[in-house]
Amino acid sequence: MMPCCACRSFDFASKLYRAKHRSIVRLWVACWLLFVPAVSAEEKPCVLYSNHRLLPANLEFEADLRETLAKSTELNAEFLVGLPTDAIPDDAIVRFKSPTLLEQYATETVVATVVFLVQAGLIAGLLFERRHRRRMKLAVYQQCCELAHASRLAVAEALTGAIAHEINQPLGAILSNADAADLLLASGADRRDELRAILADIRQDDLRASEVIRRLRALLAKQPVDWHPFDLNEAIRELEPVLRAEARRCRVALDLRLAATAPLLLGDRIQIQQVLINLALNAMDAANGLPEARRAVAVSVEHDADRLILVVRDRGPGIAPEHLPQLFDSFFSTKSQGMGLGLSITRTLVEAHGGRV
Ligand SMILES: Nc1ncnc2c1ncn2[C@@H]1O[C@H](COP(=O)(O)OP(=O)(O)OP(=O)(O)O)[C@@H](O)[C@H]1O
Ligand SMILES: [Mg+2]
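Just so we're aligned, residue 1 is where the sequence shown starts under UniProt numbering, counting upward by one.
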């Protein structure tokens, strides 16, 4: 039981420290700065300065001493009160020197010193623990980034059909346009305007195909985490072709409702896109097999005063209550082909951005 209690109190102290650590440390230092000079302040001694050191034996009180000195004719002494230590003459005899607080409260001082050392140790421990936690958090985040990249590659594999379709479409259009141009040339007629229009179509289709490849490469490339403000609407629009292609393959209607004003988000654009892909793929999986009318997935961006909310809705069966506790666990999946990493990666990425799933 004891170590458990100790761990709990350490944990509590650590939470307290993290919550208000700066003010607590400041208060602690201030208390000790006030306490140490207070207990060690030296009281000024009462001094009897005698030129021949003849003194009565029972000098107990200042008044008695003064009286004795006044009456004595033999005694040639001077009575001084409140001299600072360094001003006491060498041949003076010191009496009634009041003890310093340090001498007076020796036990308390020892206890206070022990408390001070324990507190100093505790604070050093907390600082160390905080640094250790930060390092661990960073290491976990870096590992998650690696995992997130691996998962993006897996997602790419799952999306291969949709991507191939996305690239095939403009390629097919280019081929038909090239055939049409061929026929026009073979006819011998001077139809330059039509040929120009065909060439413009070919150029546009080519750009569309290379854009799909460029976006896919950006999504799959192993890039270092890159934090900067980006437009969430724009990031979603970039993903639109891939999501639409997958929606077509699953025969699901995809409804994108972006925010009216461009919502800026500070973070890694690719990681947030990955969050959307994970949630959208889950939603499409959930919509699969439903009657036509319910095969719909809606992605919307909403925002209130201080929050930006990315919502992915489907009209599938929902999540069984008994699955809720494991939903975000790695490798928890109810799908025969599922890796069970989508939601766990999603949560890590969102939390790294200071958000909540
Ligand atoms: N929109 C949803 N509707 C119903 N159940 C869902 C939904 N999203 C997730 N789940 C449940 O949560 C589980 C975990 O999802 P997660 O995305 O982590 O893994 P997965 O989709 O099974 O596999 P993958 O790693 O390929 O994404 C799913 O297997 C499913 O049971
Ligand atoms: Mg998933």
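Quick reminder that beta carbons are idealized off the backbone N, C-alpha and C, glycines included.
Uninterrupted alpha helix (DSSP H) stretches at least 4 residues long and entirely within the stretch 245-312 occur at 269-287, given in chain order. Phe230 counts as buried, since no fewer than 16 other beta carbons sit within 10 angstroms of its beta carbon. The beta carbon of Asn233 lies closer than 8 Å to those of Leu258, Ala259, Ala262, Pro263, Val301 in the same chain, with the five residues before and after it left out. For Cys31 and Ala280, the gap between their C-alpha atoms comes out near 57 Å. The C-alpha of Ala112 is placed about 14 Å away from the C-alpha of Glu103. Taking C-beta atoms as the reference points, Ala293 and Asp314 fail to come closer than 8 Å. Contact between the stretch 146-165 and the stretch 209-227 is present: three or more C-beta pairs spanning the two stretches fall below 8 Å.
Counting only residues of its own chain and dropping the five nearest sequence neighbours on each side, Glu211 has no CB closer than 6 Å to any other CB. In this structure, the CA atom of Leu184 is about 21 Å from the CA atom of Asp206. If you look at Asp193, you'll find it isn't in any beta strand (DSSP E); it sits in the alpha helix (DSSP H) that goes 192-220. Non-local beta-carbon contacts of His303 in its own chain, meaning distances under 7 Å to residues more than five positions away in sequence, involve Ala259, Pro263, Ile309 in chain order.
Here the C-alpha atom of Ile272 lies approximately 31 Å from the C-alpha atom of Glu129. Using a cutoff of 7 Å, the CB of Ser344 counts as near ligand 1, since one of the ligand's heavy atoms is closer than that. A heavy atom of ligand 2 is found nearer than 7 Å to the CB of Gly338. Glu157 is the residue among Glu157, Gln169, Gly355, Glu240 whose C-alpha sits nearest the C-alpha of Met339.
Taking C-alpha positions only, Gly354 is separated from Tyr105 by approximately 52 Å. Put simply, the stretch 130-138 does not touch the stretch 327-346. Fewer than three CB pairs are less than 8 Å apart. DSSP, reduced to helix, strand and coil, places Asp226 outside both helices and strands of the structure shown, so it counts as coil. With fewer than 16 neighbouring CB atoms inside 10 Å of its own CB, Gly289 falls in the exposed class. Annotation for Pro317 indicates a beta carbon within 7 Å of some heavy atom of ligand 1. For Cys144 and Leu266, the gap between their C-alpha atoms comes out near 19 Å.
Distance from the CA atom of Val297 to the CA atom of Met284, rounded to whole angstroms, is 7 Å. By alpha-carbon distance to Val252, the top candidate from Ala197, Gln204, Arg295, Phe116 is Arg295.
At least one heavy atom of ligand 2 lies less than 7 Å from the C-beta of Leu281. Gly316 and Leu256 have their alpha carbons spaced roughly 18 Å apart. Where Ala352 is concerned, the enclosing alpha helix (DSSP H) starts and stops at 342-352. For Leu327, the Cβ falls inside the 7 Å cut-off from some heavy atom of ligand 1.
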